[in-house]
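A.B. asks: Just passing along the structure, written as structure tokens.
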Amino acid sequence: MGFYDRPYLREDFQSGGGGRGGIGGFGRGIMVGMPKPARAVKIMLLINVGVFILQAVADTSRFGPGPLSAAFGVTWGGWWQVWRYVTFQFLHAGFWHIGLNMLGLYMLGSPLEKQWGTRRFLWFYLTCGATAGVAYAIMGALVGLDPNFPLVGASGGIFGILLACAVLFPQFRLILVLFPVPIRMAALLIFGGMIVVILSSVSSGEFRPQFWSDVAHLGGAVAGAFWIWVLPLLGMRLASARVQVQQGAWDRKVKREDEEEKTIDEILRKIHNEGINSLSGKEKKTLAAATKRQRNE
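Residue numbers (the UniProt record's numbering): 1 to 297.
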């Protein structure tokens with residue numbers, strides 16, 4: 001529990017000891033805003049938005065892909081141009097396309113990056129996206145799609161992140177058709193729906209745009225599943241989905257956090273009972289450091 005969750009730090013708590021100004025100049029209460037994006041997520045958001053603005057300027061054609069999509073999107077005719085499997089992830093086909101993708105990256109990417117670290121998260125995200133491009137290229141060659149029709153979008157990486165979050169953070173909930181749904185159930189419904197679309201398209205021989213999107217999305221999810229479940233079994237520690245730490249170091253970390261939590265509780269209780277002026281210099285520094293750390297989480 002964060003120290004902002006204590007009842008005596010809530011906005012509706014009335015205290016005579018702390019004074020009207022609150023604690024540390026925060027005012028009457030703690031304002032909770034949008035969560036701060038993690039480092040890599042922030043960089044990816046900025047790059048995607050920047051590239052989308054370039055597309056809006058350069059891709060003036062109303063019919064077919066614009067020049068940036070044609071040059072940097074994934075096509076099965078240009079399967080050997082390996083850089084496309086990265087560049088296509090930063091291109092998008094419209095406002096809703098980039099908007100939904102960036103929302104997914106922002107909401108699910110940050111907790112995953114904080115769990116794994118920036119480098120591991122970036123490798124995972126880009127690998128899932130690249131695998132989505134490979135899946136699209138292979139399927140395009142198999143069913144005879146126009147070899148020059150490009151795939152664009154970050155969705156493959158996003159669906160890899162969705163699968164990872166469903167495994168690592170089962171307590172998460174997603175809004176699905178206006179209702180909050182446990183993330184594992186949401187992932188099951190989403191990926192199950194993709195499989196149904198793909199199988200029905202193959203059986204009917206009609207390959208509509210949703211089919212190609214779902215092929216790429218499912219490719220990203222399969223890469224995520226491989227990364228999470230298969231690579232650890234192969235002994236590739238770097239790609240393991242769960243944080244691997246030495247037990248002794250982990251125990252020390254937990255013990256240190258417990259001690260810090262108790263210290264903060266004592267300081268806040270003292271403020272509640274005696275007022276903020278009763279704190280020693282050391283206690284004020286401890287509270288300020290904890291406040292800064294809480295803001296950055």
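For glycine and all other residues, C-beta sits at the position ideal for the given N, C-alpha and C.
Going by alpha carbons, who is nearest to residue 298 out of Lys114, Gly205, Ala71, Gln81?
C.D. replies: It is not possible to answer for residue 298, since the shown part of the chain is limited to 1 through 297.
A.B. asks: Considering Cα atoms alone, identify which of Tyr85, Ile53, Asp258, Ala223 is closest to Leu163.
C.D. replies: The option with the nearest alpha carbon to Leu163 is Ala223.
A.B. asks: Measuring alpha carbon to alpha carbon, tell me which of Ile175, Val134, Gln171 ends up nearest Pro87.
C.D. replies: In the sequence as presented, Pro is not what sits at residue 87; that position holds Thr. Per the Cα distances, Val134.
A.B. asks: In angstroms with no decimal places, state the Cα-to-Cα distance between Phe191 and Ala56.
C.D. replies: About 31 angstroms.
A.B. asks: Looking only at its own chain, which residues have a Cβ that is under 6 angstroms from the Cβ of Ala166, when we skip the five neighbours before and after it?
C.D. replies: Result list for Ala166: Ile183, Arg184, Ala187, in chain order.
A.B. asks: Answer yes or no: do Gly144 and Ala93 have a C-beta to C-beta separation smaller than 8 angstroms?
C.D. replies: In this structure, Ala93 does not lie closer than 8 angstroms to Gly144 by Cβ.
A.B. asks: Tell me, to the nearest whole angstrom, how far the beta carbon of Gly219 is from that of Thr75; I am working on the premise that it is less than 8 angstroms.
C.D. replies: Not confirmed; about 15 angstroms, so no contact.
A.B. asks: Can you grab the Cα-Cα spacing for the pair Gln89 / Trp80, in whole Å?
C.D. replies: If you take the alpha carbons of Gln89 and Trp80, they lie about 17 angstroms apart.
A.B. asks: Measure how close the beta-carbons of Phe52 and Ile98 come, nearest whole angstrom, since I'm counting them as under 8 angstroms.
C.D. replies: About 5 angstroms separates the two Cβ atoms, so the contact holds.
A.B. asks: What is the C-beta distance between Leu91 and Ser69, in whole angstroms, given that I count them as a contact (C-beta under 8 angstroms)?
C.D. replies: Between Ser69 and Leu91 the Cβ distance is about 6 angstroms, and since that is below 8 angstroms, they are a contact.
A.B. asks: Below 8 angstroms on the Cβ atoms is my contact criterion, and I expect residue 299 with Ile228 to pass it. Report the Cβ-Cβ distance as a whole number of Å.
C.D. replies: In the structure as shown, the chain begins at 1 and stops at 297. Residue 299 is therefore absent and cannot be evaluated.
A.B. asks: Express the C-alpha separation of Lys262 and Lys285 in angstroms, rounding to a whole number.
C.D. replies: Cα-Cα distance, rounded: 16 angstroms.
A.B. asks: What does the alpha-carbon distance come out to for the pair Ala225 and Leu100?
C.D. replies: Distance between the alpha carbons of Ala225 and Leu100: 22 angstroms.
A.B. asks: To the nearest angstrom, report how far apart Arg149 and Glu206 are at their CA atoms.
C.D. replies: Residue identity check: residue 149 is Phe in the sequence provided, not Arg. About 17 angstroms.
A.B. asks: Residue ranges of each beta strand (DSSP E) run of no fewer than 3 residues wholly in the stretch 42-79, ordered along the chain?
C.D. replies: Whole beta strand (DSSP E) segments, 3+ residues: zero.
A.B. asks: Verify whether the separation of the beta carbon atoms of Gly109 and Ala38 is less than 8 angstroms.
C.D. replies: A contact, by the Cβ cut-off of 8 angstroms.
A.B. asks: Ignoring anything shorter than 4 residues or poking outside the stretch 77-148, list the alpha helix (DSSP H) runs there in chain order.
C.D. replies: With a minimum length of 4 residues, the continuous alpha helix (DSSP H) runs that stay inside the stretch 77-148 are 84-87, 95-104, 110-116, 118-143.
A.B. asks: So the candidates are Ser280, Leu45, Ile267; which of them puts its Cα closest to the Cα of Tyr125?
C.D. replies: With distances taken between Cα atoms, Tyr125 lies closest to Leu45.
A.B. asks: Would you call the CB atoms of Ser155 and Ala71 closer than 8 angstroms?
C.D. replies: For Ser155 and Ala71, no; Cβs fall outside 8 angstroms.
A.B. asks: At the level of alpha carbons, what is the spacing between Tyr85 and Lys270?
C.D. replies: Using only the alpha carbons, I get a separation of about 57 angstroms.
A.B. asks: Note down the Cα distance separating Trp212 from Tyr136, rounded to an integer number of angstroms.
C.D. replies: Rounded to the nearest angstrom, the two C-alpha atoms are 7 angstroms apart.
A.B. asks: Give me the Cβ distance between Leu189 and Leu176, rounded to the nearest whole Å; I'm assuming they're in contact under 8 angstroms.
C.D. replies: Confirmed, Cβ separation roughly 7 angstroms.
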